[in-house]
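Read through the structure below, which is laid out as structure tokens, and then see the notes.
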Amino acid sequence: MRSRLSVSSFIRGVCVLFALLLSACVDAEEGPIAVLVAPETGGALLFSEELATIPRLLTDHGLSVEGAVEMEGWRSSWDMDGEAGAQMRSEVHTLAARRLVPVLGATGARDVISSNAGHISSTRELGGLLESDAIHGALESATGLHRRAAEALSKGEVEVALELSLAAADALWEVSPRQVAADLIEKADEALGRNPGPDAYSQEELIRVRRLMYGASEAVEAGDYPRAIRRAYYACQLLGANPP
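Going by our numbering, the letters in the sequence shown line up with residues -1 to 242, in that order.
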């Protein structure tokens, strides 16, 4: 189980990352802009507009109280490992879509699909800058889910379309700065835990690794996800752990 990133660190992160988007948005006419953060590590995707995640949609449409269980389930799922987290999100997507249908209807579902289309398109525009297998995988997953959502809506299956759209947004959230930082820190912690003995690394290496990991955790608390990504990434390299 991962340690939960605090709400306060998330808010600070939004403030820190907002500055990175200002210059990118100056020339934007419409639609979200995608920026690659910490590209030397493989990077993470930062968007000028929020992804259509469960917390955002429920909050935007006045359902944060009624949908508190879904919102908490979504947040908790990112603290879980691998398949357990994915399974939790799948269940929450179904519940949230069911709750959103009466409020959004077909028109609202179309807006969510359009939002995902903008995020996918802006990511593809990064082209050759995308060298990360994780980002490529997330992009392809989001694209496939988005197409299925659009097809479902064309058949009048509004709830299915919303469920698939929530999954598409989450595919991109997996490579957001906040989530990439959390994944890298977890991977470094696991690698160090597998080889904690004094013979596994030199004293100098251990000191450097622990400084990097402390710096990464400190950066997360400060909401500086790019710095957290870099430090955790280099810690993974020193520990011989392949970054996700």
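Beta carbons: idealized from backbone N, C-alpha and C, even for Gly.
For a quick check, are the C-beta atoms of Glu49 and Val35 less than 9 Å apart? Within the sequence shown, residue 49 is the residue found at index 51, counting from 1. Within the sequence shown, residue 35 is the residue found at index 37, counting from 1. In the sequence as presented, Glu is not what sits at residue 49; that position holds Leu. Result no, Cβ atoms of Leu49 and Val35 do not sit closer than 9 Å.
What's the gap between the Cα of Met78 and the Cα of Ile205? The residue labelled residue 78 in the question sits at position 80 within the sequence shown. The residue labelled residue 205 in the question sits at position 207 within the sequence shown. Between Met78 and Ile205, the C-alpha separation is close to 29 Å.
Is there a Cβ from chain D that is less than 9 Å from the Cβ of Ser113? Note that chain D does not occur in the displayed structure, where there is just one protein chain.
By a C-beta neighbour count over all protein chains shown, 10 Å radius and 16 as the cutoff for buried, is Gly41 buried or exposed? As a position in the sequence shown, residue 41 is number 43, starting the count at 1. Buried is the call here.
Report the residue from Lys185, Val178, Tyr199 and Arg209 whose alpha carbon sits nearest the alpha carbon of Tyr223. Here residue 223 refers to the residue found at position 225 of the sequence shown. Taking only the C-alpha atoms, the option nearest Tyr223 is Val178.
Which residue from Ile52, Asp58 and Glu64 puts its Cα closest to that of Ala74? Numbered from its first residue, the sequence shown carries residue 74 at position 76. Checking the sequence, you will find Ser at residue 74 rather than Ala. It is Ile52.
Quick check on the burial criterion: 16 or more other C-beta atoms within 10 angstroms. Buried or exposed for Ala127? The residue labelled residue 127 in the question sits at position 129 within the sequence shown. The question names Ala, but residue 127 in the sequence shown is Leu. Looking at its Cβ environment, which holds fewer than 16 other Cβ atoms inside 10 Å, Leu127 is exposed.
I'd like to confirm the pairing. Which residues does DSSP put opposite Leu44 in its beta bridges? Indexing the sequence shown from 1 puts residue 44 at position 46. Residue pairing of Leu44 in beta bridges, as defined by DSSP: Val33.
Please state whether the Cβ-Cβ distance between Val101 and Glu157 is less than 9 Å. To locate residue 101, count along the sequence shown from 1; it is residue 103. To locate residue 157, count along the sequence shown from 1; it is residue 159. Contact flag unset, no.
Going by C-alpha to C-alpha distance, which of Pro37, Ala169 and Ile133 sits closest to Gly83? The count along the sequence shown starts at 1 and reaches residue 83 at position 85. The option with the nearest alpha carbon to Gly83 is Ala169.
Look at the Cβ atom of Ala233, then the Cβ atom of Leu210, and state whether they are nearer than 9 Å. The count along the sequence shown starts at 1 and reaches residue 233 at position 235. The count along the sequence shown starts at 1 and reaches residue 210 at position 212. Leu210 is positioned such that its CB atom lies closer than 9 Å to that of Ala233.
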